[in-house]
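This report refers to the structure that appears directly beneath it.
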């Protein structure tokens, strides 16, 4: 059952067009990867989905309802959460406050502060530390945990491996199966193709604002991905 | 020259300035907006109290029961209806719109209440005093103002650091875009902040009305005292604002002790001095 | 590019299509010049006084527009330099007994000098805090001038009769002299702002206004640029101030440093005319005087209306009247923008 789909989604930054008719879909509980080079439009697509960019009403359908153009806070209240690129934690708040703020929308569901702490035990010891004083990997965990606190049905993860050492990336991705176990669909945006393909069942490859390749991770041809990625 | 007396009186006077400043500081912290009509809104609250006193014969301090909720509602409506539209387009729109608002308020109050100066009577409270030391007595009313300022700032701190709303307000001052990702309607949040700020301004206005003469044009000078308190104290720190208010109050008292004509000037000069010597204020919040 | 507003488009096209737009512009300028230059011949005292007042308000509006609309320095304290200019003039006359006309440039000079430490102080404040800070500085000047008994203290002083006569022995000639000086000051201010904006300096200014950090990263010395604009504006404002009080023959702290007269009214004019546009102050000043002529009898209501109008414009038409006009007619009276020739062939600078 399709949870979210886009239909000819376009997006602009002022006069500059960043997305040219994206058709994207994800079913409930699925894991999908969005890959592509820098500037391909991956983050733009996520921003468009979660209401940070103005889009046409019918271009995005979530849970049967056209949500294009809704403000970000309303979209979160419907069950779509974003782990933003660069984490974007609140420096004035400590770890626990950051997490609790994620639950502001008070959506019912399995995720609460205790479950987030059991998912990321290392955060529990640092709950009163200012969020931005943590290491990169720990900050990423806070960012994911914060998004989970809104009990989303769809979690969008924007480059969660960015700037992290490979072993830390492994730890971060190790948490995602627990997220999926609750029935939450996950979209990961990655520049690291291998990581993305390992995690997700399906993938879309973006290049210059268009989908140039999509398919199932287990049957895909690595060469085809490489060509699509670089726009060859 | 009884310096202790001058210092104490000045510090107590400064507590009122801190109350003027608290709301201003909150709003700027949350949405980077300096409401140039803030002083006029304080004066409006004073006139509201005046209306209730002359109309219903209430004791001035009791008018707070009505004035504070009224001001809170006004603040919410003002932000939601007008000021929200000025955000996100640079510094000019909020400044110019609130400046226009200031002119409208001053002249509106002039029309309704005439240019006569007013003052509310609080009876014996005004003149009774407490003797702390031989030669040093402080009025009960200034002490009351100080107590209110301390309690209010303490409550505001508690709100900001111990409640969900406070966390949302602090987060908004960090990153408004990401705050929306938390499912928070920022337009509503801004309006709540302004409502809170004007509620405090309401308390300040009523307290001021009993202490000093006021007239429709008194707003801008309240704004300046508030602003100086915030800058001297250091932005982002509410207790710093209390200290800043006291510095202004003390400077004014000292200047006034030399020559009444120097009273206001001394306050301004203290502000300029802090600007030169400690541009971030005396107790700035540490920046991450 | 389609313009659905046919009459305006065809009018504008007709204007553009006229042979030698440049010649038309020159003719227009000459006509305007002759009109104002000959005014003393065919108008009476009250008209001249009004003209002088309009000129000074227009000059102040152009200057505030330069500061706030282009440099992004929203100053609520320009009245500091207006009053300072006036007081320097009166002090000069009182102490030296020389002709006040010599005091005019001196006022500008002193204002510019005072502007330097003022700027270094105020530039520590940003945005709205700079605005209120500049207001505080003006308040300090006002309070200080009330304390200086030499210059009349709180009640101010009048220009000594000998000085008044030094301008010109005859009352009518005096009016004419001040009128021409006012016209000269307005033209000079206009020239200064227009030259500034058309130069590389002007590009730097607009860049800073749009994004100071971006401008700085491109190598623009933002501090230097802002300082220069602030000082130049102070200089001109001081001169205008001296002229204003020369005309009034009397100065007092409250009149000299009045925020209503020298900032509020100016701000309203600029906002209504179109802030950040070169043509805005002209329209704004004209509209301001029109409104004043029509409604100032309503006292407080007039001021309330003015405030509400300014708010309305800021929210609904941020580029003011001129912004609305120029959008419809695609016109530019005083072009300062550089546009690619292939895109807009008509917008070649004079």
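Residue numbers (the working numbering), protein chains in the order written: chain A, 2 to 233; chain B, 4 to 291; chain C, 853 to 1202.
Even glycine gets a Cβ: it sits at the ideal position worked out from N, Cα and C.
Among the residues of chain A, those whose CB is under 8 Å from the CB of residue 183/B are 52, 53, 72, 73, 74 and 77, following chain order. Assignment of residue 24/A by DSSP, reduced to helix, strand and coil, places it in the strand class. In this structure the region 16-27 of chain B touches the region 193-208 of chain B; the number of beta carbon pairs closer than 8 Å is three or more. For residue 14/A, the enclosing beta strand (DSSP E) stretches over residues 3-14. In its chain, beyond the 5 residues on either side, 1123, 1124 and 1172 have a beta carbon closer than 7 Å to the beta carbon of residue 1165/C. Put simply, the CB of residue 50/B is far from chain C, with every gap to its CB atoms at 8 Å or more. Residue 216/B and residue 122/B have their C-alpha atoms some 5 Å from each other. The CB of residue 279/B comes closer than 7 Å to the CB of 973 in chain C, given here in chain order. What residue 914/C touches in chain B, judged by beta-carbon distance under 7 Å, is nothing: the nearest beta carbon there is about 17 Å away. Short of 6 Å from the beta carbon of residue 962/C, and not among the five residues preceding or following it, lie these beta carbons of its own chain, in chain order: 940. By the neighbour-count criterion, in which 16 or more other beta carbons inside 10 Å mark a residue as buried, residue 916/C falls on the buried side.
Residue 896/C and residue 1146/C have their C-alpha atoms roughly 21 Å apart. Put simply, the CB of residue 1108/C is far from chain B, with every gap to its CB atoms at 8 Å or more.
Counting C-beta pairs closer than 8 Å gives fewer than three between the region 891-910 of chain C and the region 1049-1058 of chain C, which falls short of the contact rule.
By the C-beta criterion, the region 31-51 of chain A is judged to be in contact with the region 202-222 of chain A, since at least 3 inter-stretch pairs fall below 8 Å. Using a CB distance below 7 Å, the part of the region 109-129 of chain B facing chain C consists of 110, 111, 113 and 114, ordered along the chain.
Straight-line spacing of the CA atoms in residue 191/B and residue 89/A works out to 22 Å. Legend: CB atoms of the region 91-120 of chain A lying less than 9 Å from CB atoms of chain B belong to residues 91, 92, 93, 94, 98, 99, 101, 102, 103, 104, 105, 106, 107 and 108.
Around residue 196/B, no beta-carbon contact reaches into chain A at under 7 Å, the shortest distance being about 15 Å.
For residue 145/A, the CB contacts under 6 Å within the same chain, skipping 5 residues up- and downstream, are 84 in chain order. Counting along the chain, the unbroken alpha helix (DSSP H) around residue 1027/C starts and ends at 1023-1050. When the beta-carbon positions are compared, residue 147/B and residue 133/B stay at least 8 Å from each other. Only residues of its own chain outside the window of five on either side were considered, and among them 983, 986, 987 and 1115 have a CB closer than 6 Å to the CB of residue 928/C, listed in chain order. For residue 10/A, no chain B residue has a Cβ inside 7 Å of its Cβ, as the nearest lies near 19 Å away.
Note that the C-beta distance between residue 193/B and residue 34/B is below 8 Å. Note on the region 123-194 of chain A: whole alpha helix (DSSP H) runs with a minimum of 4 residues are 137-149, 167-175 and 177-182, in chain order. For the 8 Å CB-CB criterion, residue 28/A and residue 2/A form a contact. Approximately 6 Å separates the beta-carbon atoms of residue 36/A and residue 191/A; this is inside 8 Å, confirming the contact. The beta-carbon of residue 991/C is placed less than 8 Å from the nearest beta-carbon of chain B. Annotation: residue 211/A has no Cβ neighbours in chain B at a cutoff of 8 Å; minimum Cβ distance is about 26 Å. Straight across, the Cα-Cα distance linking residue 45/B with residue 36/B is about 17 Å. Considering only beta carbons, the part of the region 1167-1180 of chain C lying closer than 9 Å to chain B consists of 1167 and 1170, in chain order.
As computed with DSSP, residue 105/B is found in no beta bridge at all.
DSSP places residue 898/C in the uninterrupted alpha helix (DSSP H) bounded by 897-916. Spanning the alpha carbons of residue 100/B and residue 84/B requires a straight line of approximately 12 Å.
Taking a Cβ-Cβ threshold of 7 Å, the residues of chain A close to residue 171/B are 102 and 105, in chain order.
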